[in-house]
Each structure stands twice: as C-alpha cells, then as structure tokens.
Amino acid sequence: MHVTELQDNHLFREIVEHSFDEIFVTDHKGIVLYVNEACEKNYGIAAKKLLGRNVEDLADELFTPSATIEVIKRELPVEIMQRTTKGKRLFVKSRPVFDSTTGNLIKVISYARDLSDMTKLKSRIHALEKQLKEHQQNSQESAFTDVIAESKGMQQVIKLMGKAARTEATLLIRGETGVGKTVLAKKVHAVSDRSQSLLHEVNCGELPQQVLETELFGNPEHSLEGLIQLTDGCTLFLDEISEMSLSLQSKLLRVLETKQIFTNNKNVNIDIRFIFTTNQDLEKQVREGQFREDLYYRLNVVPIDVPPLRNRKEDIYPLAHHFLRKFNEKYHQHKKISPIVMNAFYEYEWRGNVREMENLIERLVITSDTNEITIDQLPTIIKAGSISHADTLPEKLEELENYLILEAYDRYGSSYKVAESLGISQSSAIRKIRKYITEKEAAAEHKGR
1 MHVTELQDNH LFREIVEHSF DEIFVTDHKG IVLYVNEACE KNYGIAAKKL LGRNVEDLAD
61 ELFTPSATIE VIKRELPVEI MQRTTKGKRL FVKSRPVFDS TTGNLIKVIS YARDLSDMTK
121 LKSRIHALEK QLKEHQQNSQ ESAFTDVIAE SKGMQQVIKL MGKAARTEAT LLIRGETGVG
181 KTVLAKKVHA VSDRSQSLLH EVNCGELPQQ VLETELFGNP EHSLEGLIQL TDGCTLFLDE
241 ISEMSLSLQS KLLRVLETKQ IFTNNKNVNI DIRFIFTTNQ DLEKQVREGQ FREDLYYRLN
301 VVPIDVPPLR NRKEDIYPLA HHFLRKFNEK YHQHKKISPI VMNAFYEYEW RGNVREMENL
361 IERLVITSDT NEITIDQLPT IIKAGSISHA DTLPEKLEEL ENYLILEAYD RYGSSYKVAE
421 SLGISQSSAI RKIRKYITEK EAAAEHKGR
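When we follow the UniProt record's numbering, the leftmost residue of the sequence shown carries the number 1, and every step to the right adds one.
This is the structure:
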C-alpha cells in the first residue's frame, strides 16, 4: 500500500471517529463490524465491547427499537426515533449495502444523531419565548411611562393604550384639539408588533377631498398607487377622520369590511392596522347625517377618550416642567416658573390643551428677560383666569387685591417695592404678601406633588 493511501485511510478514520453523529455498521446478519466514539456517549459502553455482538442482543440491552433489524428484514432504508437505556433520544437513519455482483445484502450502515440536547434546547427556547412574550406585553403598557399621566383619567387612557397596542384592532382616539391624540397614536404604533414597519399618516382635514381620495386610493389612470395599497403590512393613521366626505367614507368602509382595495380592475388583498383620531362628536355627526353610521361602528372597535387638560389638573404641574426642561435645553436657557405663574396655570381653562401649554412655555422661555418667568409675562387671558369667579362684591374685591399683590410681588420680589408700587404701607404689604403668597405657593406645591 502506498504512503498516500495510508495517509488517506488515516485521515478517513479520524473523520469517522470524531464525527458528531454515531456511525454503526453491521453485516447482513446483524453482527457489529464497526462503531465510532459517538456510540460510547450514546450507550455508555466502550466501542470495542460492541464489536462482534449481534444487534438483536444489543436492542434488548442498550436501545429500542433497532433500525438495523428492520433494514435486514425489509432490505429498505429505515428512519426511526430510538431511545437508549441512558435516556437519550436518537434519530437513526439506516441504509442497506448490497453486493454489486450478486445483489445480496452485505452490510447495514446506520447514522444516529442525539436529539436529547436539541429537545431540551427547544423546551428552553419555548420557555424563553413565553417569557419574552409576557415581557413584551408588560413593556407595551410600560412603554407609555414617558407619557405624563398623573391624573386618573390619563392613567386609564395609558392602560387601555397598552392593551390595544398588542392587538391588531382598529383604534379610535377621541378628544379635543391639542390633547395629544397624534402623540398617542404614534406611540401605539411604536410599541406594537408592527413597530418595525412604516406608519403612514394623513390629516383628512388638511387636504381637499379630491386630493385626499388620490392620496389614499391612488389614480389607476396614471398607474398611481394610493397610501392604502402602499401601507400593506404597515399602519395607517388617519387624523381627523370626521373631515372625510361621505363618498370617501363609503370607499374606506369597503376597505375595512373586505380587507381589499379595488385597483386596476381587480381586488387586491391588504393587511393594514388602522388608527383614527377625531376632535368631533361622531355620534352627533351620525345623527345629523354627516358621518356614515356603518363606518362609525367599524371605527369604534376600541374607542379611547383623551380627557381635556382642564379635567386633568394633576397633569398640569408635571407637563409644565416637562416643557420647561425641553425648551431650556433646546434654547440653552435656565428659566424657571414662579409658583404664582404655576398657580395661574392651574386656574386657567386651557382651551388649546397640551398644545397650547407647550406653545406658551416655548414662547416664555424665548421672550423672558429674566431667569424666572413671572405673572406679568403671561398673556392677559391667563392672568385673568388666575382669578376665580367670585359672586359677592367683598369676594370680588378680595380677589382683585389678591391678584394685584401677586402681580406686584412677582414683578418686584420685595415687600418694600410692592408697598411703593401699590401706594400702601410696608407693614400692610408684608401682611398681604404673607396672606396671598404663602397660600398660593402652598397650593401650587400641593398640586404639583
């Protein structure tokens, strides 16, 4: 035998011996001719002790069933799952080898792979997937923690948002202009299972209806696809849905009902998660014939009502400081809000809601000449709002005095200047400052906790 042949044989033997799979060879009667090292791990017995033994004896002693026996009986390839007395699960492939001259069976070669670790791994993966799913469900609710929600009303909104985010349900977010409907809609998409896909947004009130129709449904004559078709597999956010015309409502209803869009003379299946917002009373519009009743019920699967800022007073203090930090950072400032201004914020109605507050604080950070934002810098409507509506003349006079003292002290910061500006004695100014300032600061601090 040549040196090259010896080297090749040695290499071949090394490959077989160190194979990950078990290799098990018998003759046509089931007598073991060769086994590799993997057999020792599977059966817990030295390979040399298996040589020369009959596979029928080993089947009772080491494993069950025997693929080799089946191959000898049938003279066909066999694949089975096998259990060993050591508790392992093996996937066994056995193949017959025939004499090329006579066609008689001469050997059976079996390959076996230990699936025990794989089974454990699959079980572990399943447990981890379950754990991950539970974590995702919890995190979808906790993902809204950066949304300021100190009030009970907003906490209920956030809880419902978290539940809705992990579903494919159509979502209708209702609330006055400026309450944050768009922010919440985008947040739902960001924590949903579609977060890695696109979010297409259209404001139905900003576009002429003909343009809106083309934007959503495309233009087949010009081979132009609409957003509905382009949003397949993604999320479509239609803001101010109440502004959509009745004819477009009909086309949208068909999409919601059939999950299809008709284009190029054929129906095309689409998979879209819809989120809608409105600042209108859709039920009233349905009664007045301005909104389709059947579409309303299609939209109203998961309705979420976002309360106005005036009904969630607990959120005013943290919102104000959130926007203050935001714009201080943006404009490289170090402004702060005086307690008297904060109290005025609490008393104000905020008809423009969160958006109005955000715009106001940005303007105050930009325009204020001092590090502290004082009440004289506020718009007249907010300063007036800091005085409640008293009924009797003495109450009205006291509130007017309260307002004048607060404004003067906020502007000058000393009892001497307050007395001078209002034409009263300093002792009277001190007494009134203690009465009104202490009371207002304590009220603002209490509301901000």
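Even for Gly, the Cβ is constructed at its ideal location relative to N, Cα and C.
Quick caveat, the model's predicted, so the values are computed rather than measured.
DSSP three-state call for residue i: helix, strand or coil?
{"i": "SER139", "result": "Legend: pLDDT at SER139 = 49, less than 50; position of this residue unreliable, no value from coordinates given."}
{"i": "TYR34", "result": "strand"}
{"i": "VAL147", "result": "coil"}
{"i": "ILE430", "result": "helix"}
{"i": "GLU79", "result": "strand"}
{"i": "ILE424", "result": "coil"}
{"i": "ARG351", "result": "coil"}
{"i": "ASN104", "result": "coil"}
{"i": "ARG89", "result": "strand"}
{"i": "LEU295", "result": "helix"}
{"i": "PRO318", "result": "helix"}
{"i": "VAL3", "result": "Because VAL3 carries a pLDDT of 40, less than 50, the predicted location of this residue cannot be relied on, and the following value inherits that uncertainty. In the structure shown, VAL3 sits in a helix (DSSP, three-state: H, G or I)."}
{"i": "ARG310", "result": "helix"}
{"i": "LYS383", "result": "helix"}
{"i": "SER415", "result": "helix"}
{"i": "GLU40", "result": "helix"}
{"i": "THR367", "result": "helix"}
{"i": "LYS435", "result": "helix"}
{"i": "LEU360", "result": "helix"}
{"i": "ARG325", "result": "helix"}
{"i": "LEU115", "result": "coil"}
{"i": "GLN196", "result": "coil"}
{"i": "GLU243", "result": "helix"}
{"i": "GLN290", "result": "coil"}
{"i": "THR177", "result": "coil"}
{"i": "GLU213", "result": "helix"}
{"i": "ILE45", "result": "coil"}
{"i": "LYS29", "result": "coil"}
Does the beta-carbon distance from residue i to residue j come in below 8 Å?
{"i": "residue 457", "j": "THR177", "result": "Nothing about residue 457 can be reported from this structure: the residues present for the chain run from 1 to 449 only."}
{"i": "THR68", "j": "SER100", "result": "no"}
{"i": "ILE80", "j": "PRO65", "result": "yes"}
{"i": "VAL268", "j": "GLN210", "result": "no"}
{"i": "THR263", "j": "GLY218", "result": "yes"}
{"i": "SER250", "j": "ARG292", "result": "yes"}
{"i": "LEU172", "j": "VAL302", "result": "yes"}
{"i": "LEU324", "j": "LYS313", "result": "no"}
{"i": "ARG89", "j": "LEU58", "result": "no"}
{"i": "ASN279", "j": "GLY175", "result": "yes"}
{"i": "LEU50", "j": "CYS39", "result": "yes"}
{"i": "LEU184", "j": "VAL202", "result": "no"}
{"i": "THR235", "j": "LEU207", "result": "no"}
{"i": "VAL25", "j": "VAL55", "result": "no"}
{"i": "VAL188", "j": "MET161", "result": "yes"}
{"i": "ILE270", "j": "LYS259", "result": "yes"}
{"i": "ASN402", "j": "VAL365", "result": "no"}
{"i": "ILE375", "j": "ILE340", "result": "yes"}
Could you spell out the range, first to last residue, of the alpha helix (DSSP H) harbouring residue i?
{"i": "PRO220", "result": "No alpha helix (DSSP H) contains PRO220, which DSSP labels as neither H nor E."}
{"i": "SER247", "result": "246 to 258"}
{"i": "GLN377", "result": "Element bounds for GLN377: n/a, residue is neither H nor E."}
{"i": "ILE228", "result": "227 to 230"}
{"i": "GLU201", "result": "Premise fails: GLU201 lies in the beta strand (DSSP E), 199 to 203, not in any alpha helix (DSSP H)."}
{"i": "LEU53", "result": "In the sequence under discussion, the amino acid at residue 53 is Arg, which differs from the Leu named in the question. Per DSSP, ARG53 belongs to no alpha helix (DSSP H) and is neither H nor E."}
{"i": "GLN285", "result": "282 to 287"}
{"i": "PRO394", "result": "393 to 412"}
{"i": "LEU184", "result": "181 to 191"}
Spell out the partners DSSP gives residue i in its beta bridges.
{"i": "SER110", "result": "PHE24, SER94"}
{"i": "THR84", "result": "PHE63"}
{"i": "THR263", "result": "LYS266"}
{"i": "LEU224", "result": "ASN219"}
Return the first residue and the last residue of the beta strand (DSSP E) that residue i is part of.
{"i": "PRO303", "result": "302 to 305"}
{"i": "ILE173", "result": "171 to 174"}
{"i": "ASP239", "result": "235 to 239"}
{"i": "HIS334", "result": "Unbroken run through HIS334: none, as it is neither H nor E."}
{"i": "ILE158", "result": "Taken as a continuous stretch (DSSP letters only), ILE158 belongs to no beta strand (DSSP E), being part of the alpha helix (DSSP H) at 152 to 165."}
{"i": "ARG273", "result": "273 to 278"}
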